[in-house]
Amino acid sequence: MLKLTNTLTGSQEVFAPLDGSTVRMYTCGPTVHNHAHIGNLRTYVFEDILRRHLHSKGWALKHVMNITDIDDKIINRAIEAGQDIKTYAEPYTRAFFEDCGKLRIERPDIITPATDYIPEMIDLVQRLLDAGYAYPEGDSIYYRISRFPNYGRLSRLDRRELKIGARIDADEYEKEEPSDFVLWKAPKNEKEPHWQAPFGAGRPGWHIECSAMAMKQLGETLDIHCGGVDNIFPHHENEIAQSEAVTGKPFVRFWVHGEHLLVEGEKMAKSKGNFYTLRDLLEREYDPLAIRYLLVSVPYRKQLNFTWDGLVAAQRSLERIKEFLFRLNTARLGPGSNPQLDAEAAAAFENALDDDLNTAQALAVVFDLIRKCNTALSDAVVKEDDRKRIFRFFQNVDERLAIVPPMEAIVQGDEQIESLIANRNEARRKRDFASADLIRQQLLDRGVVIEDTREGTKWRRK
RNA sequence: GGCGCCGUACCCAAGUGGUUAAGGGAGAGGUCUGCAAAACCUUUAUGCAUCGGUUCGAAUCCGAUCGGCGCCUCCA
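For what it's worth, this note's numbering labels the leading residue of the first sequence as 1, then goes sequentially.
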């Protein structure tokens, strides 16, 4: 039974799709004007874990992610570069999915670029105008939040509590109330991209795209809507206001938000010099799997403090898993079965993830099993059938968390390496340890680690 | 000012009322080894920011204090 913390109620609730079979999930995607940073990626990794977990429950999943390919930054930079916004945004969109791929984040089922849904957005704005939830002011259209009594429910912010006048955009001074937000922006000049609409030429405000795309692809009530906590207000609050004003139905059943990542205890910011993209980390030769491991090791609802020490520790943890799989794979086992070895592991792993995606607990289950099996291997009580079962368990762990080192890195036939090892063992037999150590160093230089065990010399790739 | 989250060992971190407070990293001891830089095992909090309260029983609930972080119309 999967429990998720719903921001709407602030408490854990048992999740099941509304129609009993298909989960309709929408996750806020990137604004493609630069490369994703590790904070962004933490959120996408959390959503990926959720996605994989929902699949494992036997439900079908329809997962939609938007690409925001129109906003002020994109427009300004595209104009500077003398490109149209699609041309400007395209490489960043491609880079985003490349980064996701490196972190083993699965691709959503449907990807919706905002600029492909302009007619749907125009339609929504028109319906909000017709129903009196929106009003024109100047050449732009605004949402009248005084018409929507539930405004502030998600973020627990009373309208009166909003600090008035803190940051009001220069072109929005004509609003009826400072907290009203823009649905449709009149172009400031001819260079800005704009579309014709019955209520005037312009471009969509930020929030309307998600309402339009989510409802177009998933219907008027979604099962799950995810994003980072910073999106609770105003973005998701505004989505609710827009969508529910038009449909009269609940827009989202479960709002699930991922906490932020900090770097060395501080908010990541370009001005602080602690701002990292995935590319920055890969340039420093960190393993993408270790980065994913670090992001998975802290449950999504807790702030994650990213540190270099933490990343090194994550890499070491991964090596422990790899070493165990190597040992299990190369061990000489007798026939039979010893089922109590892993009797509780699969259920404990499942329960951990069912408990609001407690990935830290799930990893603890994995390491508990490793320690138990290592001891059992030393005592020679692991049998052939156990190996198969335990490998199956790890296969499941990998399908769910995607943090298990690939077996190809562990198991490999290579005659050249095996003959070097044979030479080394011959040297050892003759007690020519200088030659033996030389060969060991040669192998190490090629990324091959050797281990002398009671069962003979074993090797694996680093 | 308003709303909210958090503080568990050297570091990361699970646990949110009931046996000896998970797990990972690091350190220390040991096993194996020609050697080990590998691997494996064991070990490391009478203690859960502090102080008070509730309770037969508190890391867990309540209150206060201290400290950190977030949101309050750019934001994952």
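Note that CB positions come from ideal geometry on N, CA and C, so glycine has one too. For clarity, every value in this text was computed on a predicted model and none was experimentally measured.
Is it right to say Val27 is buried, meaning 16 or more other beta carbons lie within 10 angstroms of its own, or is it exposed? Before going on, a small fix: residue 27 reads as Thr here, not Val. Looking at its Cβ environment, which holds 16 or more other Cβ atoms inside 10 Å, Thr27 is buried.
Separation of Gln442 from Asp230, as counted between CA atoms: If I take the Cα positions, the gap works out to 51 Å.
Among Lys372, Asp354 and Tyr300, which residue has its Cα nearest to the Cα of Phe324? Nearest C-alpha to Phe324: Lys372.
Quick one, are the C-beta atoms of Leu282 and Lys462 less than 9 Å apart? For the 9 Å CB-CB criterion, Leu282 and Lys462 do not form a contact.
Is DSSP giving Lys176 helix, strand or coil here? Position check: residue 176 holds Glu in this sequence, whereas Lys was assumed. Of the three classes helix, strand and coil, the one that applies to Glu176 here is coil, per DSSP.
Through-space distance from Glu344 to Glu13, alpha-carbon basis: Taking the straight line joining both Cα atoms gives about 25 Å.
Over the uninterrupted alpha helix (DSSP H) stretch that includes Leu289, give me the two end residues. From DSSP, the alpha helix (DSSP H) with Leu289 extends over Pro288 to Ser297.
Can you check DSSP and say which residues form a bridge with Met407? Met407 pairs with nothing; no bridge assigned.
For Val256 and Thr5, believed in contact at Cβ under 8 Å, the rounded distance: Indeed, because the Cβ distance is near 7 Å, the residues count as touching under 8 Å.
What are the start and end residues of each continuous beta strand (DSSP E) run of 3 or more residues lying completely inside the stretch 297-361, in chain order? List check, beta strand (DSSP E) in window: 304-306.
Limits of the unbroken alpha helix (DSSP H) element including Gln196: That residue, Gln196, is in no alpha helix (DSSP H); it is neither H nor E in DSSP.
Buried or exposed, going by whether 16 or more other CB atoms sit within 10 Å of the CB of Asp379? With fewer than 16 other Cβ atoms from the protein chains shown falling within 10 Å of its own Cβ, Asp379 counts as exposed.
What ranges does the alpha helix (DSSP H) occupy inside the stretch 45-111, keeping only unbroken runs of at least 4 residues that lie completely in it? 72-81 and 85-102, all fully within the stretch 45-111.
Pro204 to Asp72 span [Cα, whole Å]: Distance between the alpha carbons of Pro204 and Asp72 is about 11 Å.
Could you pull out every unbroken beta strand (DSSP E) segment of at least 3 residues lying fully inside the stretch 195-253, listed in chain order? Within the stretch 195-253, the complete beta strand (DSSP E) segments of 3 residues or longer fall at 222-228, listed in chain order.
Is Pro17 helix, strand or coil when you go by DSSP? Pro17 falls in the coil class under three-state DSSP.
Terminal residues of the alpha helix (DSSP H) in which Asn150 lies: No alpha helix (DSSP H) contains Asn150, which DSSP labels as neither H nor E.
Coarse secondary structure for Tyr135, derived from DSSP in three states: Strand at Tyr135.
Is the stretch 137-157 in contact with the stretch 210-220, if contact means three or more CB pairs nearer than 8 Å? As far as the Cβ criterion goes, the stretch 137-157 does not touch the stretch 210-220, which means the pair count is below three.
Pop quiz: Tyr143 and Ala134 are said to be a contact at Cβ under 8 Å. What is the actual Cβ separation, rounded to whole angstroms? Their Cβ separation, rounded to whole angstroms, is 6 Å, which keeps Tyr143 and Ala134 in contact under 8 Å.
Cα-Cα separation, Asn238 to Arg147: Our two residues, Asn238 and Arg147, have alpha carbons roughly 13 Å apart in a direct line.
Whole angstroms are fine: how far does the CA of Ile224 sit from the CA of Leu124? Straight-line Cα distance between these residues: approximately 21 Å.
Does the beta-carbon of Asp171 have 16 or more other beta-carbons within 10 angstroms, so that it is buried, or is it exposed? Note that Asp171 has pLDDT 45, beneath the 50 cutoff, so the model's placement of it is unreliable and the number below is only indicative. So Asp171 ends up on the exposed side.
I believe Arg292 touches Ile370 by the beta-carbon criterion, under 8 Å. Please report the beta-carbon distance rounded to the nearest angstrom. The Cβ separation is near 19 Å, so there is no contact.
Counting Cβ pairs closer than 8 Å, one from the stretch 376-395 and one from the stretch 329-348, do we hit at least three? Yes, since at least three Cβ pairs between the stretch 376-395 and the stretch 329-348 fall closer than 8 Å, the two stretches touch.
Once DSSP output is grouped into helix, strand and coil, what is the label at Ile168? Legend: pLDDT at Ile168 = 41, less than 50; position of this residue unreliable, no value from coordinates given.
By Cβ distance, which residues of its chain are closer than 6 Å to Asp99, with the 5 residues on each side in sequence left out? When the five nearest sequence neighbours on each side are left out, the beta carbons in the same chain lying within less than 6 Å of the beta carbon of Asp99 are those of Ala36 and Leu278, in order along the chain.
Residues near Asn34 by beta carbon distance below 7 Å, same chain, minus five either side: Residues of the same chain with a CB within less than 7 Å of the CB of Asn34, apart from the 5 flanking positions on each side, are Tyr92 in chain order.
Whole angstroms are fine: how far does the CA of Glu192 sit from the CA of Asn351? A direct Cα-to-Cα measurement between Asn351 and Glu192 gives close to 52 Å.
Could you please give the first and the last residue of the uninterrupted beta strand (DSSP E) stretch that includes Phe181? Looking at the DSSP string, the run of the beta strand (DSSP E) that includes Phe181 is Phe181 to Lys185.
What residue range does the beta strand (DSSP E) around Val23 cover? DSSP places Val23 inside the beta strand (DSSP E), whose first and last residues are Thr22 to Thr27.
In this structure, how does DSSP classify Asn425 when only helix, strand and coil are distinguished? In this structure, Asn425 counts as helix in the three-state DSSP scheme.
How should Gly82 be labelled, buried or exposed, when 16 other C-beta atoms within 10 angstroms of its C-beta is the threshold for buried? Counting Cβ neighbours within 10 Å, Gly82 comes out exposed, since fewer than 16 surround it.
Opposite Pro30 in the DSSP bridges: which residues? Answer is none; Pro30 lacks a bridge partner.
Name the DSSP bridge partner or partners of Tyr276? Its beta-bridge partners do not exist; DSSP assigns none.
Who does Ser4 pair with in a DSSP beta bridge? Correcting the residue type first, residue 4 is Leu in the shown sequence and not Ser. According to DSSP, which records beta bridges pairwise, Leu4 is partnered with Glu13.
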